[in-house]
Amino acid sequence: MCSAHRSRAQGTRVRVKILLDAQAVFWWYSDPAKISKRAVSMIEDGENTILVSAATAWELAIKTAIGTLDALSLVIDLPRYLAEEGFEELPVSVSQATRAGLLPLHHRDPFDRLLAAQAQDLSIPVLSNDRLFDLYDVKRLW
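1 is the number of the first residue of the sequence shown in my numbering; add one for each residue after it.
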């Protein structure tokens, strides 16, 4: 776990809200070396607000339940882990869910489509290595 990494920087920098995708959350928890140095720097910057969607929690739980992801300890302790890391939970609104359902089918993954809809709705970037986010009107960081 990387809870020691996030710290408040000194100065008068602009706070940026960043939405992590499920892969970024999983790697931050299990193997931060898989995350780009630029992305790690953005997550570690205590001036940034790091958001984790309820859709990401759902995705991690489903993939763990069906055996495609080995993340049971993360899933069980996700609320505590997010709090320890200083990450904020992002609920899913009805308008965001509707927007996700109406997005073009560039990305077949419903979880990532919901993250794209949330990023569009809130005008915030998604931190992800998945280039399919680039096909939507969202800024992708990695």
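From the three backbone atoms N, C-alpha and C, an ideal C-beta is built for every residue, glycine too.
A quick note: this is a predicted structure, and the numbers were derived from the prediction, not measured.
Query, Result
"DSSP state of Thr49 mapped onto helix, strand, coil", "strand"
"7 Å Cβ shell around Ala119 - same chain, five flanking residues per side excluded", "Leu19, Pro125, Val126 and Val138"
"Residue from Gly86, Ser53, Asp21 and Leu72 whose Cα sits closest to the Cα of Ala61", "Leu72"
"Assigned secondary structure, Lys37 (DSSP; H/G/I helix, E/B strand, else coil)", "helix"
"Leu69 versus Lys63: straight-line alpha-carbon distance, rounded", "5 Å"
"Reduced DSSP secondary structure (H/G/I, E/B, other) of Val94", "helix"
"Beta-carbon proximity list for Trp142, same chain, < 6 Å, skipping 5 on both sides", "Ser36, Ala39 and Asn129"
"DSSP state of Ile18 mapped onto helix, strand, coil", "strand"
"Nearest-angstrom beta carbon gap, Arg113 and Arg100 [assumed within contact, 8 Å]", "It is Ala, not Arg, that sits at residue 100 in the sequence shown. Rounded, the Cβ-Cβ distance is 5 Å, consistent with contact."
"Same chain, Cβ closer than 8 Å to Val95, neighbours up to 5 away in sequence not counted", "According to the sequence displayed, residue 95 carries Ser and not Val. Contacts found: Asp121."
"Beta-carbon proximity of Val52 to Phe87, cut-off 8 Å", "yes"
"Simplified DSSP state of Leu69, which is helix, strand or coil", "coil"
"Inter-residue spacing [alpha-carbon to alpha-carbon] between Ile43 and Leu102", "30 Å"
"Buried versus exposed, by CB contacts within 10 Å (16 or more), Ile76", "exposed"
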